[in-house]
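As structure tokens, the structure follows; a few thoughts come after it.
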Amino acid sequence: MEISALFLAFLFLSVDGRGNEKRQSGPDCLHCLKVAEAHDCEIVVTCEEDEECFRTQYITPQGHVFFDLGCKSKQICDAIDKYGKRSQGHPQRRQPDGRITLCEECCTGILCNSKSCDTYNGAHVYPESNNRRCYACSGEQSVEKP
């Protein structure tokens, strides 16, 4: 009888009210492809538990600079951090489609991939913005910092 009660308690804790299985999630990250500035992206996604936010800055064969933003597996991010991190002053690499990767970084803070690579301060949190982003700003007088 005790085992049945324990099983039911576990089942109750692992399923939400609609019968869907609950699971932990990763950070909230911006998710856009081919944007001119990272902070221009307005799509926010919740990454999976085994993912981190990423940003890749690249230049196209036509000379345009863009960002891809989103979620990447922690395993890939670990490899980027160890072997492939790019930033100002480091060698770039050409992709099969002709674009040149200028910067490729992962981070773990909320919306941490909203910064451009050249303004990234090397930390996973951006204290100057307090990671704030307004989703419903009807009561705001301006978008400037207080």
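If you use mature numbering (1 follows the signal peptide of the UniProt record, and there is no 0), the sequence shown corresponds to residues -17 to -1, 1 to 129, in order. Think of the CB as a built atom: it goes at the ideal place given N, C-alpha and C, for glycine as much as any other residue.
*From Tyr41, Cys86, Phe37 and His47, pick the residue whose C-alpha is nearest to that of Ile59; which is it?*
Taking the first residue of the sequence shown as 1, we reach residue 59 at position 76. That would be Phe37, whose Cα lies nearest to the Cα of Ile59.
*Taking 8 angstroms as the cut-off, decide whether the C-beta atoms of Leu94 and Asp23 are in contact.*
Stepping through the sequence shown from its first residue, residue 94 is reached at position 111. Stepping through the sequence shown from its first residue, residue 23 is reached at position 40. No, these two residues do not count as a Cβ contact at 8 angstroms.
*Since Gln40 and Cys86 are thought to touch, with beta carbons under 8 angstroms apart, how far apart are those beta carbons, to the nearest angstrom?*
For the purposes of this step, residue 40 is identified with residue 57 of the sequence shown, where counting begins at 1. For the purposes of this step, residue 86 is identified with residue 103 of the sequence shown, where counting begins at 1. Correct: roughly 4 angstroms between the Cβ atoms.
*Among Gln7, Cys89 and Ser8, which has the Cα closest to the Cα of Asp51?*
For the purposes of this step, residue 51 is taken as residue 68 along the sequence shown, with counting starting at 1. Of the listed residues, the one whose Cα sits closest to Asp51 is Cys89.
*asked:* Could you compute how far the alpha carbon of Thr84 sits from the alpha carbon of Leu16?
replied: On the sequence shown, residue 84 is found 101 positions in, with the first residue counted as 1. On the sequence shown, residue 16 is found 33 positions in, with the first residue counted as 1. The straight-line gap from Cα to Cα measures roughly 14 angstroms.
*Bridge partner(s) assigned by DSSP for Ser8*: Translated into the one-based positions of the sequence shown, residue 8 becomes position 25. Paired residue(s): Glu31.
*Proximal residues to Gly9 (C-beta, below 8 angstroms), its chain only, five neighbours per side dropped*: As a first step, residue 9 is located in the sequence shown; it is residue number 26 there, counting from the start. For Gly9, where only same-chain residues beyond five positions count, the Cβ hits under 8 angstroms are Thr29, Cys30, Glu31, Glu32, Asp33, Glu34, Glu35 and Cys54.
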